[in-house]
Structure formats: structure tokens, C-alpha cells
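One structure is given below, encoded as C-alpha cells.
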Amino acid sequence: MIGYLRGRVLEKHPPFLMLDVSGVGYEIEASMNTFYRLPDLGLEAAIYTHLVVREDAQLLYGFADRQERSVFRELIKTNGVGPKLALTILSGASVDAFVRCVEHEDVATLVKLPGVGKKTAERLIIEMKDRLKNLSGLPSHHPQSIPSATLFAQTDSPVTDEKREAETALIALGYKPAQASKAVASACRLLADDVSAEEIIRHALRGMIN
Numbered sequence: 280m281i282g283y284l285r286g287r288v289l290e291k292h293p294p295f296l297m298l299d300v301s302g303v304g305y306e307i308e309a310s311m312n313t314f315y316r317l318p319d320l321g322l323e324a325a326i327y328t329h330l331v332v333r334e335d336a337q338l339l340y341g342f343a344d345r346q347e348r349s350v351f352r353e354l355i356k357t358n359g360v361g362p363k364l365a366l367t368i369l370s371g372a373s374v375d376a377f378v379r380c381v382e383h384e385d386v387a388t389l390v391k392l393p394g395v396g397k398k399t400a401e402r403l404i405i406e407m408k409d410r411l412k413n414l415s416g417l418p419s420h421h422p423q424s425i426p427s428a429t430l431f432a433q434t435d436s437p438v439t440d441e442k443r444e445a446e447t448a449l450i451a452l453g454y455k456p457a458q459a460s461k462a463v464a465s466a467c468r469l470l471a472d473d474v475s476a477e478e479i480i481r482h483a484l485r486g487m488i489n
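If you use my numbering, the sequence shown closes out at 489, no skipped numbers anywhere.
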């Protein structure tokens, strides 16, 4: 099992990255919360990983810290939740936000994630409540209201490489092309013209999930 890698960041195409570890390039699919914390190309990064071996592929998933990887490993134990959906959940919501949804039994927020229907959301809440209690270092929340949805207006600003990359990343995470395009356009209305794809994705996901 490959559990940890340290090396230079060679490529970043959300949600995929390549890490050069002593001359060997490791292709990793990472959560967007991990992407936000990656250094620039050419700089060194440390990634906690989880290896999934299938008949047709060996897939390496990456996380910025052990806490997020631990939640990922508990998620894929849930009936109907595979690595792809688990990564989507941890891309659309931080560990802190996901824990809050589970503790507050917030089905309405969970179903906003692609691939998470009402039954899956309810199953996640039931099964993850006890599992999260057994994980050390996870945040704990006192009862409070969940932030209401934030609405963004669409913009007709020019399509840039960063916007295209952001849309591609959202589609790879499971969002429909129309959803991805609308979310990116809405996010860009609030951002400067020279922002990175990662920043566009961050705001687009926030607009869809919050």
C-alpha cells in the first residue's frame, strides 16, 4: 500500500496531479480541498495517499492530511459509496463541513453533491455518525443553523483557459456540463480576471453546496 508521497509537483490539472518522486511520476487524483493547498509547479509537496487496486487499473487518491484521508476511507465503507463519489463529497465539502452535515443530519446540503440522492444522504448520516466519533482529530460542532444557500448571478465574461479547466474539473467530479458551466460563470462574476482555476473551482463549489 502506498500511503505517503513527497516530491515535486510536475502537473496540476484538477482533480489530477503528477508528483515526481525520485524520478518516478505518480499520477494522483486528489480532492479539491487538497488542490487548494498544493504549492506551485516545481515545488515540493507531501501527499497522503490511498491506493485502490482494480482488475483494470491501480488508482491513487491523494489528500493534504491524514484527517481527510481517514474520512475518505470511512466513506468508501458505506454501501453505495465508491472512491469516486467519496472524492466528490470531499471536494464539495471540507471535512469540517461534512462532519457538520452528519452531526446535524443535514440531508438537504448533502443531496446537492452530484451522485448523492436522498437515500444515499440518509445512509451516510446513519453510518458515518458512529464512524466519525471513532476518528481522532475531527472537529466537533455544537448545534447551530447551517448557512443558507448563496445565489450568484451568471456572467457573459470571455471564456479563458482557467475557466475551461475549472469546468473540466467539475465535470470530472461528477457535475453535469450545464451545471459546471453555470457554476463557473457565476463564480467568475465575483473574482478578478487573473485568478487560478483552483480558485474558480473553490468559489463554484461553494456556490453550489452552501
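C-beta atoms are modelled at their ideal positions from N, C-alpha and C, and glycine is treated no differently.
Item                                                                                                                                      : Value
Rounded C-alpha distance that separates residue 313 from residue 356                                                                      : 21 angstroms
Contact set for residue 294: own chain, Cβ-Cβ below 8 angstroms, skip 5 residues either direction                                         : 308, 309, 310, 311, 314, 366, 370, 448, 451 and 452
Residues of its chain near residue 348, where Cβ-Cβ distance is below 7 angstroms and the 5 sequence neighbours each way are ignored      : 327, 329 and 342
First through last residue of the alpha helix (DSSP H) which encompasses residue 406                                                      : 397–412
Secondary structure of residue 365, DSSP reduced to three states                                                                          : helix
Test item: CB-CB of residue 281 and residue 339 under 8 angstroms                                                                         : yes
Supposed close pair residue 400, residue 390 - CB separation, criterion 8 angstroms                                                       : 5 angstroms
N-terminal and C-terminal residue of the alpha helix (DSSP H) that residue 388 is part of                                                 : 386–389
Distance, residue 352 Cα to residue 467 Cα                                                                                                : 33 angstroms
CA-to-CA distance, residue 325 to residue 283, given in whole angstroms                                                                   : 7 angstroms
Chain-order list of residues whose beta-carbon lies under 7 angstroms from that of residue 472 (same chain, five-residue window excluded) : none
Within 8 angstroms, strictly: CB atoms of residue 232 and residue 470                                                                     : Absent from the model: residue 232. The displayed extent of the chain is 280 to 489, so no value can be given.
Proximity to residue 484 [Cα-Cα], best of 288, 286 and 372                                                                                : 372
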